[in-house]
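Asks: Pasting in a structure now, in structure tokens, and then I'll have a few things to ask.
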Amino acid sequence: MFSKVSSRVSFPDMEREVLQYWKEHDIFEKSEQGEDKALFMFYEGPPTANGSPGIHHVLARAFKDVICRYKTMKGFRPLRKGGWDTHGLPVELEVERQLGLTSKRQIEEYGIAEFNEKCRESVFKYVREWEDLTDRIGYWVDMKDPYVTLHNSYIETGWWILKEMWEKGLIYKGMKGTPHCPRCVSSLSSHEVALGYQENVPDPSVYVKFPVEDATGLVGEGDGLPEKLYLLAWTTTPWTLPGNTALAVDPQADYSLVEVETDEGTEGLILADALVDSVVGESCRRVRSFKGAELVGGSYGKLYDAAANGVEVFRFVRPEGSTGEATMLEPVDDFTPAVIKGDFVSLDEGTGIVHIAPAFGDEDLSAGRGDALAFVQQVDLQGVITGNFPFAGKFVKDADKDIMADLEERGLLHRRGIYRHTYPFCWRCKTPLLYYAKESWYIRTTAMKEQLIANNRKINWHPEYIKEGRFGEWLRNGVDWAISRERYWGTPIPFWQCESCEKYHCVGNVAELKRMATSECRDGIDTLDLHRPYVDKVTIECPDCDGVMRRVPEVMDAWFDSGAMPVAQWNVTSREDLEAIRRNGLFPAEYISEAVDQTRGWFYSLLAISTLVMGQPSYENVICLGLILDEKGRKMSKSLGNIVNPWEVLDAQGADAIRWYLFTAGQPGDSRRFSQRLVNEVVRRFMLTLWNVYSFFTTYAEIDGYNPKEQHGPAEPTSELDRWILSEMNQLVLQVDEALDGYEPTNGGRRIQEFVDLLSNWYVRRSRRRFWKSENDEDKLSAYSTLYACLVTLCRLMAPYTPFVAESMYQNLVRSLDGEGAESVHLDDFPTADVSRIDEPLMEATRLAMKLSSLGRDARSRAGKKVRLPLSRALVRTRDASEGMHVGRIVAQLREELNIKEIELVQHGDPLYETALAASGRKKRAAKLGDLQAALDGGYMVAIDTAVTPELAQEGMARELVHRIQNMRRAAGFEVTDRIFLYFEGPAEVRQVVATFGDYVRVETLAEAIRQGEAEEGAHVESHKLEGMELTLGVRRVG
RNA sequence: GGGCCCGUAGCUCAGGUGGUUAGAGCGCGGUCCUGAUAAGACCGAGGUCGAUAGUUCGAGUCUAUCCGGGCCCA
């Protein structure tokens, strides 16, 4: 039988007991069993195991869990393999910090093998923290056999994927603009760059004159053109000028040719018309004006001849068969600089003509690719100018002065000054970063753009707007995916280059590596750690010549690892393997869920890899979550110190409360504020309300020895209230089922919340007396079986949301009965609705009863008539005439709730309502008409008759007596079931009340007898004042 | 600079397809009720529904622009 449950509960303690139960009985493992059940494939987005988990991770894990638990209860077998993202720069940075290393050179001196070993250790330190939190919040995921991106088998699948792409011609080597630290000789990630911005950095500001040799090609023919003509461009990095290969203009903007007088005579400058006044001065003469488009396609003279100064010149060319951008570089002898159009050209500063050096800066680089420009790289990785320039051998920032002086001397400098702006510095060594184009390996995702967009359309996004919004936009504007990193701790790129013929070969798996390895490397490859530096030592034989091939030094972007997980977690290394997991339902996933910052991360890497290799999306449904902010709406960050530690909240309010808050507090896709205070509100408003209904039930079930197996309620409930709550309950089951099936847990949770409120504050409150009755009649049994059904259904409905409290209730309410139910609520079935129980008119009628009760209490309070004082009649009026039909069904509830003898319906058309409305005040809420006190609201009215007859007054006093005695019982510490003797002394009026209502008082207070006179020894005695009369009451427990 | 999301009471949030008086919870003041409750009921204070313009007989809701916050990308 049920144990009685105290209304005082510590949810964290209860949850720890439930965790213990799950562990002892292997409940999670059992939920994954059942070969006959259909698989529900879930992919765990691998957390980056380089830091402690925060509350935002709890958010994602809660949403992952709720759907999988629901599917389990719907008869599926969810496969939820855990995973860890263990590679990448963040891990390296943490280890660098630990070891006090500050550059790649130092890492290599320390030793790549030792360094990577530290990375491996660092990762597993955090994994343990994650496991503890995952367990505590009730997130069920297989952590015993997770996929780990650093495992050889995982890396091998990465190789296979690259080989698939390689063979389709989707991999190429191209240039990439990266922020580069010349002192550390290393590129920085965007995250690192963000750490090092400084404001008000002074840089040179120079206006440079690019000579125009053939004016007619640019501004057309005509007389009066100055002899010397220049395109005027602006830059803050003079050291990039030798790398100039183009100038960009805004084709829509107006440009002017103006004449200025110099020592050399009259010369013409071309610049944006809007900037003439500020750059050249108001006194100059505009010779002619034209649109920027007219300049496009023209050419001009080089400031510096790179080829003549011993610097190699390249040109961007389109790869064979590609219709996209010119991404490949090929050497050329020389080039002609070109004027191109650029949508990035600003008319707010500069000259409206932008200096383009594709070797520096990402924008310049993409212009270079887009317009197939020449490429001149005259700076080495240490930031030193190469070639035979006069300023060669100098560090770029030092070369600035020489270049400016040189240009000035040659009459090519219009103006110079100082420009202050925000500029990035290396966060480690404070060296100014250079934007530097470097070679990098790319996946040609742009070649598959249409397929990516089409596959995205097949995905069911929650919220819907992500599909064509943020994610769709990203795909439409997609650029090729740069996958290589010049780092150490990552999946090594499996490309080997021949020392003789310089061709590349992509190795697709370990067996291939072994087959191709040179004889001295072949041993031990089966057990080789595929990480650097071990794999670097393996040389292979070139298939095209007799040369030896060495691996390229780069490792993969860690996002590639995460995107590979659908296949890498099963070590797929062939098309056959791929078909096998497809056949077994392991691919694609039916469900994933992560936060919105993953649009460019995991959501993208999954889709890109599966589109390019598998030809379909790797996930069908996705819940994309918003970010968690602090209580003030700010992003949580270490530097702000506003991170909420999940453990604090878990220890105080428990996992269910956090989960419930996260599910119901806002729309999943919106960012949400989080604080312990908000979680506590959930505990009080929802968790405790539910728990107290549960506690109420077990308290009385114990008193009455109620056993649902033996005492069946009547087939048809005796009470309208029972039929009503069962109707609400069955409707709830439908709605929650629909919500969870549609990946909308928030809507379902909010419906549960409303139901619990109705159950507690209307059903139980209105039904209490039925549980107090001493006789076990049909009506009482009907109430028990109804409330029992509600609680049992609720704990099944809530199991996916709040697995702990659901389990705790289930064990007591269901499992305590012999042989009933599954071993755990999570192994039981999700409830199904009995649609025949749904009674819409009854639910409407009950809502009307609540509305009219509320108005009735309003009227009573305005008239100063306590609810304990019975009144003779109330007149009620509904908003619509049709609603009046419901009143007949609810008069009994209204009589009891309002303590009014007769309820009469005011027909529409009866002048009473109009009269009351006319007599009401400005807010149209209340009116007094003789003895009638009316409360009005939006077409509803309840008017109570305030006349109190002596009989009503006596009855009211009887109820008042009962109330006082009940309080005394409690004060005396009696149990609710204790029977008592009652003593009273008082004036004649009180004696009269006792004489008339003695039976009522006795029944209500469980008094065996009422005795007039002084209380016996041992009784609890109090003096009271009632309607101005003095009386003494005493209560004594029987026996 | 581009894209996306959000902006409703002091706080957290609801408010299909435009339509009576814009709601709930928490918090605050008051009254009541209590034989489950850390609860509940009723009243009150608290809203130019971010701003402006437009469409409309009618806009929190639709359109445009702007402002503020957030995220992602430059």
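Under the numbering used here, the residue at position 714 of the first sequence is numbered 924, and the numbers go up by one with no gaps. Glycine included, C-beta positions come from ideal geometry on N, C-alpha and C.
1) Would you mind sorting GLN588 into buried or exposed? The rule is 16 or more other CB atoms within 10 Å of its CB.
2) Let me make sure I understand the geometry here. Which of ILE317, ASP483, VAL470 and HIS715 has the alpha-carbon closest to that of SER493?
3) Spell out a yes or no on whether the stretch 938-949 and the stretch 878-898 are touching, meaning 3 or more CB-CB pairs, one atom from each, closer than 8 Å.
4) Applying the 10 Å Cβ sphere with the 16-neighbour rule, what's the burial state of GLN941?
5) In this structure, does DSSP put THR388 in helix, strand or coil?
6) Check whether the stretch 887-907 and the stretch 917-933 touch, using three or more Cβ-Cβ pairs below 8 Å as the test.
7) To the nearest angstrom, how far is it from the Cα of LEU723 to the Cα of THR367?
8) Please list the terminal residues of the continuous beta strand (DSSP E) segment that includes CYS755.
9) Spatial neighbours of ASP275 within its chain, please: C-beta separation below 7 Å, excluding the five flanking residues on both sides.
10) What runs of the beta strand (DSSP E), each 3 residues or longer, lie entirely inside the stretch 211-273?
11) Based on the DSSP secondary-structure assignment, which residues constitute the bridge partners of GLN408?
12) Which same chain residues, not among the five before or five after TYR744, have their C-beta less than 6 Å away from its C-beta?
13) Per DSSP, what are the beta-bridge partners of GLY475 in this structure?
14) Can you tell me whether DSSP reads ARG785 as helix, strand or coil?
15) Does DSSP put HIS1173 in a helix, a strand or coil?
16) Under the DSSP definition of a beta bridge, which residues are partnered with SER499?
17) When you compare each of THR809, SER784 and CYS711 to ALA721 by their alpha carbons, which one comes out closest?
18) Quick one: give me the first and last residue of the beta strand (DSSP E) that GLU804 is part of.
19) Cα separation between LEU839 and VAL854?
20) Among LEU451, LEU539, ALA647 and PHE252, which one has its Cα closest to the Cα of CYS391?
21) So the candidates are TYR336, GLY478, THR656 and THR996; which of them puts its Cα closest to the Cα of VAL468?
22) Among VAL1158, ILE1110 and ALA1145, which has the Cα closest to the Cα of THR1125?
23) Quick one: does the C-beta of ILE962 sit closer than 7 Å to a heavy atom of the ligand HEM?
24) With three or more C-beta pairs closer than 8 Å as the rule, is the stretch 978-997 touching the stretch 959-967?
25) First and last residue of the beta strand (DSSP E) that includes ASP1188?
26) Quick one: what does DSSP say TYR675 is sitting in, helix, strand or coil?
27) Can you name the start and end residues of the beta strand (DSSP E) that THR1242 belongs to?
28) For THR1012, I'd like the list of residues in its chain whose CB is within less than 7 Å of its CB, leaving aside the five on either flank, ordered along the chain.
29) Roughly how many angstroms separate the alpha carbons of ALA615 and LYS607, rounded to a whole number?
30) Count the CB pairs spanning the stretch 351-360 and the stretch 616-631 that are closer than 8 Å, and state whether there are at least three.
31) PRO288 by DSSP, collapsed to three states: which one?
32) Classify LEU740 as helix, strand or coil using the three-state DSSP reduction.
33) I'd like the list of long-range same chain contacts for SER499, defined as Cβ closer than 8 Å, with 5 residues on each side in sequence excluded.
34) Would you please state the rounded distance, in angstroms, between the beta carbons of VAL418 and LEU617? I believe it to be under 8 Å.
35) Provide the residue(s) that pair with GLU649 in DSSP beta bridges, ordered along the chain.
36) So, are the CB atoms of PHE585 and THR455 less than 8 Å apart?
Replies: In this structure, then:
1) buried
2) VAL470
3) no
4) buried
5) strand
6) no
7) 13 Å
8) Run containing CYS755: none; DSSP gives neither H nor E here.
9) GLY348, TYR349 and TRP350
10) 249-253
11) TYR633
12) LEU738
13) THR472
14) helix
15) helix
16) SER466
17) SER784
18) 799-805
19) 10 Å
20) ALA647
21) GLY478
22) ALA1145
23) The ligand HEM is not part of this structure, which contains no ligands at all.
24) no
25) It is not in any beta strand (DSSP E) - ASP1188 carries neither H nor E in the DSSP assignment.
26) helix
27) 1239-1247
28) ASP866, ARG869 and TRP870
29) 14 Å
30) no
31) strand
32) coil
33) ASP464, TYR465, SER466, LEU467 and ASP483
34) 6 Å
35) MET385
36) yes
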